[in-house]
Amino acid sequence: MGSSSSRLDRVPGAKDLMEETGFSETNILCLYDRFEVLDREERGYLRLEDFEAIQQLAVNPIGDRIIGAFVFPGRETLDFPSFVRVLAHFRPTDTTWSRSGSQPEPANSRTRKLRFAFSLYDQDGDGKISRAELTEMLQAMLGMQVTDEQLQSIVGRAIQEADLDRDGAISFDEFKKSVEKVDIDHKMSTRFLR
Amino acid sequence: MAAMRRLALFVCVLLLVSGSPGLASETSDTEDNSPSSDDHGTSSDDHEISSNSTHNTTGDTGQEDSGHGDGHEGGPITTLPIVSWKWHHVTTPYLVAIWILVAWMCKLVIEANHHVTSVIPESALLICVGFLFGGIIWGADQKQTFSLTPTVFFFYLLPQIILDAGYFMPNKLFFSNLGGILIHAVIGTCWNAASVGLSLWGCHQGGAMGDIDIGLLQYLLFGSLIAAVDPVAVIAVFEEVHVNEVLFIMVFGESLLNDGVTVVLFNVFDAFVSLGGEKINAVEIIKGIISFFVVAFGGSLVGFVFGLLISLLTRCTKNIQIIEAGFIFVLGYLSYLTAEMLSLSAILSIAFCGICCQKYINANMDEKSVITVKYVMKVFANGSETIIFLFLGISAIDKTIWVWNTGFILLTVFFVFVYRCIGVFFLTWIQNKFRLVPLEVMDRIIMSYGGLRGAVAYGLAMMLDENKIKEKNLMIGTTLIVVYFTVILQGITMKPLVTWLKVKRASANEITLIEKVQNKVFDHMLVAIEDISGQIGHNYMRDKWKHFEEKWMSWFLMKPSARKKHDLVFDVFHQLNLKDAMNYVAEGERRGSLEFIRNETAFIDFKKKFADEYSEAMPDITVDMSDSYAAHSSMRRDTVPSISLELHDQNTNGLRETEDINTHHLLQQHLYKGRKQHRHKYSRSHFTVNQDENEVQEIFQRTMRTRLESFKSTKMGVAPPKTITKHPKKDQQQKMPNGKSTDNGKYCHCDDDDFEFSGDDGASGYDPSAGSFPMRVTYRPGAGIENPVFMPDLDPMAPMQIPPWLAEAELDSSTVALSQRAQTGLPWTPSNLQRLAPLRISTRSTDSFMMADVPASQRQDEHLPPPPPPPPPSDDDRGHL
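Here the protein sequences line up with chains X and R, keeping their order. To convert, take the position in the first sequence, counting from 1, and add 38; that gives my numbering. To convert, take the position in the second sequence, counting from 1, and add 26; that gives my numbering.
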C-alpha cells in the first residue's frame, strides 16, 4: 500500500480523480502508465496523433469517432484528468460497494453512458441525430456491399422507428428509449476498468 | 405427425425384430460390437471393431470372431448352390449398419415433431426410445444382447464428437476464459470426486446403505468416475437452450477439459484399489499428482503435435484434393489413439488437435474440402451422439446390472447434485474476485445445474474390474440413474429454469434497427476503448501469442498463398479485389432483381433507364429482357449459382418478404463485426459457413484514407472532402488502385493516389455531403465498369498497373466505346442476354446445398467468355444490372 500510494504521488491530482470517477488506485495507476505510453514525446498531454498511432484503432470502423470523443475538435490536446474522465464512462456500474460521497450522476451511470454513445452519432452537437449523421455512422459501420438505396432505406427505417415526435431526427430521449432493452451496463463497460 | 411417428417407430421395430432371430443364436461377442455403429471414414474400421471386441473387458464368453468368418457353412458341397444364405458372413457389419440406421431413424422421428423437442431435449427423448428398444430386445431374447461397451464407446463413438467440439471451438472465447475453465475442470472435478466419495463413505459408515461391500478407496474411485461433467450431454442440452456464450463456454470447456482429471483420478484410484490400502504411502500419492500433470499436459501436447501435422500435411495436398478432407479425420483419430496408447488423456488430445488445426487447415485446404470437413464432422458427431444416447437407454434394460440399493443410489444422486452446486458457487466466488466480468448468481445456478453426467461416466463404470470391486453392478446402475437424472430431468427443466431466472441468452433478437446498429456501435466502442486504455492482462498475452503465431506458426503451417490471404492488413488485395468484383456483380444483380420484386415503380424506372440507354440501338431490348427473365425462371436453380452464395443466403429469403425484413437482413449481413464477436460453430446440428473475413481490411483502408485525406487537406489547404458520406462505390473504386501499391507496402504512395482521386471527385462537382445520395451514380450506365476489377475478363493484370486517374480515363473511354458500339447498332443478340439472365437472377437461387458448387461456378463465371460481339458492353451490363 505504502509503495502504491507513493507511486500515486506522481500522478497529478490522483486523489481528486479517484473521488470524482470512482476509480481505484490500481486503475488510476494503470491508466497513468498507459497515458505515459501513449504520450510518446512526454509532453504531459495527448494529441490527436497519439491516438491515431494506436494500431488497432485504425481497423475500427468508428475508431475516429472514438478519438473524437477524447480529443474535442476545439481543443487539440488532452491531459490526464480528462483522459480519465472520458474513460470513466466505461467503468462498470458498482454493484457491491456504493461510494459514500456519491455525486448525483457518476460518469458510469446509464444515462451518462448513453450520452457518450449518443455523442458519437451527434457530430455537430445539436442534441439530435439527424438523418445525415445516422447515414454517416451507418456508412462507417457497414460493409461496402450495401448500395445507396439500401443504405437510405435502412436509415429511413431506423429513424422512423425511433423518431417519436416525427421531426425527422432522433433526440437523446428518443435514442434512450430506442435502446431501452439493451443491457447498457454490460455493453458499455470494459472489464479492465473495474 | 403422430401417425408418421408411429409408422416410423413401427418400421424401426420391424427392422429390429427381423434382425433378432438371427441375433439370438449369435454369440454375445457379436452383439458387443453392434453398437459400435459409427465408422470413421476409414475402411479398416470394421476390422478393428471385430478384432478389438475380442479384448472387450465385458466380453463374456465367446472368443471366436464370428463377424468375419469366411462364410462357408461347414460340410461338403454336393452341388453348386446358386444362392446361399450367408448370414454369418455379414453379421457384424450388417448389425452395425442396421443399428446406425435405427438410431438415425429414431432421431428423424423425434425431430419430426418440434412441439415435443422444444420441451424435452432430444437427448432425453433418445434415451427414452432406448428404453423402449431395450424392452423389446429383452422381451425377445430374455437378456440384454446389446449394450454400450466401453471399447465401442471410447474407440468408435466418442472421438468424433470431441474432434468436432475441438474443431468448432470458438478459440478466442475459449482461451480468454481458459483460467476459469481450468479452475472448474481441475479443482471442481477433484472436489466433486473427493466430496462425493467421502460423503458416501461417511454415510456408509453411518449405516445408511445397509450391507454392501465397498471400502473407502472404492468410494473414491466411484466418486472420481461420477465427478466428470460430460461433454456429450452438455452440448446436447445446452445447444437447445442458447444461454450466453460465456456461460456456455464455461460449462462446455469444463466438461471437455475435466476429462484429463477424470482419467487420472480414475486410474490413480483404480491402481490404489488394486494396491490395497496399506501400500499407499506419500510416494504413491505424489506419483498420482505428478501423473495428473503428465497425463493432462502430455495429452494436450500429443494433440498439439497432431494438429501441427495435419496443418503441415494440408499444405501439400493440392493434387489430391478429393481426399484431403480425410486427413483431418484419420490424423485426428490417430492422435486419440496415440494418446490412449501412451496412457495420456485421449480426449484432451483430440480436442486440442481440433483446436490447433482449425485455422490452418481452413486456410490451406480448398474451399470445397473445408466445407466437406465441416459437414462430415457434423455428420459423424451428430450421428454418434444419437447412437450414444439411444444405447444409454437400451443398456438400462438389463436385469443383471440392477442391484438396487436405495440408500446408495439416492445419496449418490443427492451428493452429486449438491456438491456440484457447492463447488461451482465456491469456485466462482473465488474467480469473481479476479474475473473482470463477474459471473452472476444466475449464471452460477445454471452452471451448477448444467453439471450433466453422461456416457463417459457410464463407460468408465463399465470398465471397473469386477474382481476388485464387488459392487460393480451397483455402481453401473447408480451411474445410469445419475445419468438419467441429469440428462432427462435436468435437461427438461433447464430451459424453463433459464427462462425463469432470466439468464442472459445468446444474442436475443434485436427488434429495432437502431438497436441493432447501436449494439454494433457498442461493440466497436468497447474494442476501441480497450485499445486506448491499453488493456493489459490476458489480452497482452494474447497479443504476444498472436504475434508469435503470425510470425512463425503461420509461416510454417500455411501455404504461402493462404498465408498471403491471412496476412491481415496489407497483402489481401488480390482477394479483396476478387471479392469486390463478385459482390459488385451480385449487387448489381440484386439491385435489378430487388427493384423488380420489391418495388414496381423502381423497376419501371430502372427499365426505363435501360431503355433510354439502348433504345436507339435495340428497340426491342427491354422486351427481350423481360422475356428472358421469364424464360429462365425455370432455370434459376440449375444455372450458375450466385457467386456470393453465403453472403446473400439470408437476403434471398427477404426478397419475397417485406422491405422491412430486407433491411434487417441487410444490416445483419453487412454490419462490421466487432472484434470481440465470434462466430459460433459449436452447435452440432447447425452451422453456417463462415462469411468474408476481409472486413478488417476494408475498415483499415477506409480509416487510413480518411485520415490521410484530412491530413493532406489541412496541410495543403484544400477543403477536406467529407469522405464519410462518400458513396460506397467510390470507396471501392478508390481502393482498387490502392491494391498495387499496398502490395508493395508503400502505403503513403497509394494514398497519394487516393488523394488525387478524391481531388478529382471534388473537381467533378460531386458533392458527397448532400444528405441524399445522387442516384446518378447508381444508375449511371457506366457505373459497372468503373470498377477496374472487371477488367480481368479482358486482361487480368492490366488494371492493376493502371494508375487511378488513367484507369478512370480508360474506364470512361470504355464507356464511350460502349455507347459508340451501341449507336452503330451492333446486334445484341438475345442469346447474349440469355446468357446473362441466369447470372442476374442467381442471387435468388441460393441454396445451402449448392454451396459446394460455389467455387466451381465462380470459375465457370470467370471463364465465361464475353459475349461475342462487344466484350466491354457485356461486362458493363453484368455489373450494371
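For every residue, glycine included, the Cβ atom is placed at its ideal position computed from N, Cα and C.
Give a yes or no on whether the minimum CB-CB distance between residue i and chain R is below 8 angstroms.
i	result
Glu-57/X	no
Ile-66/X	no
Gly-82/X	no
Leu-116/X	no
Val-109/X	no
Leu-125/X	yes
Phe-89/X	yes
Lys-214/X	no
Compare the C-beta of residue i with all C-beta atoms of chain X and state if any pair is closer than 8 angstroms.
i	result
Asp-469/R	no
Phe-355/R	no
Ile-558/R	yes
Val-524/R	no
Going along chain R, which residues have a C-beta under 8 angstroms from residue i?
i	result
Gly-163/X	Correct list: empty, because the minimum Cβ distance to chain R is about 16 angstroms.
List the DSSP bridge partners of residue i.
i	result
Leu-374/R	For Leu-374/R, which the question treats as bridged, DSSP gives no partner whatsoever.
Ile-167/X	Ile-208/X
Thr-115/X	Arg-85/X
Out of the options, which has the shortest C-alpha to C-alpha gap to residue i?
i	options	result
Gly-163/X	Ala-107/X, Glu-218/X, Gln-198/X	Ala-107/X
Leu-226/R	Leu-583/R, Met-551/R, Val-145/R, Val-439/R	Val-439/R
Gln-457/R	Leu-478/R, His-210/R, Asn-197/R	His-210/R
Pro-50/X	Tyr-83/X, Val-75/X, Glu-218/X	Tyr-83/X
Val-429/R	Leu-243/R, Met-235/R, Thr-118/R	Met-235/R
Leu-552/R	Lys-166/X, Phe-128/X, Phe-73/X	Phe-128/X
Arg-72/X	Glu-58/X, Thr-59/X, Asp-88/X	Asp-88/X
Gly-480/R	Gln-516/R, Tyr-386/R, Cys-229/R, Leu-127/R	Gln-516/R
Ile-381/R	Leu-416/R, Val-331/R, Leu-363/R, Ser-110/R	Val-331/R
Gln-186/R	Tyr-510/R, Gly-476/R, Trp-455/R, Ser-375/R	Ser-375/R
Ile-373/R	Val-109/R, Leu-189/R, Thr-105/R	Leu-189/R
Leu-151/R	Thr-519/R, Ile-240/R, Ile-514/R	Ile-514/R
Met-468/R	Thr-143/R, Thr-177/R, Lys-112/R, Phe-274/R	Phe-274/R
Asp-237/R	Asn-307/R, Gly-160/R, Leu-500/R, Thr-177/R	Leu-500/R
Ala-254/R	Leu-486/R, Thr-215/R, Leu-242/R	Thr-215/R
Count the other CB atoms within 10 Å of the CB of residue i; is the residue buried (16 or more) or exposed (fewer)?
i	result
Phe-574/R	exposed
Asp-205/X	exposed
Gly-233/R	exposed
Ile-105/X	buried
Glu-218/X	exposed
Arg-731/R	buried
Gly-139/X	Confidence is the limiting factor: at Gly-139/X the pLDDT is only 43, short of 50, which leaves the residue's position unreliable and the question unanswerable from this model.
Phe-319/R	exposed
Met-520/R	buried
Val-122/X	buried
Val-109/R	exposed
Give the interface partners of residue i over in chain X, defined as CB-CB distance under 8 angstroms, in chain order.
i	result
Met-551/R	Ile-100, Ile-104, Ala-155, Leu-158, Met-226
Strictly below 7 angstroms CB to CB, what residues from chain R border residue i?
i	result
Met-128/X	Looking at the sequence shown, residue 128/X is not Met but Phe. Here the neighbours are Ile-555.
Leu-176/X	Val-543
Leu-95/X	Ala-554, Asp-557
Quick one: which chain X residues come within Cβ less than 7 angstroms of residue i?
i	result
Thr-732/R	Asp-102
With 8 angstroms as the threshold, decide whether the Cβ of residue i is near any Cβ in chain C.
i	result
Gly-380/R	Among the protein chains in the structure shown, which are X and R, there is no chain C.
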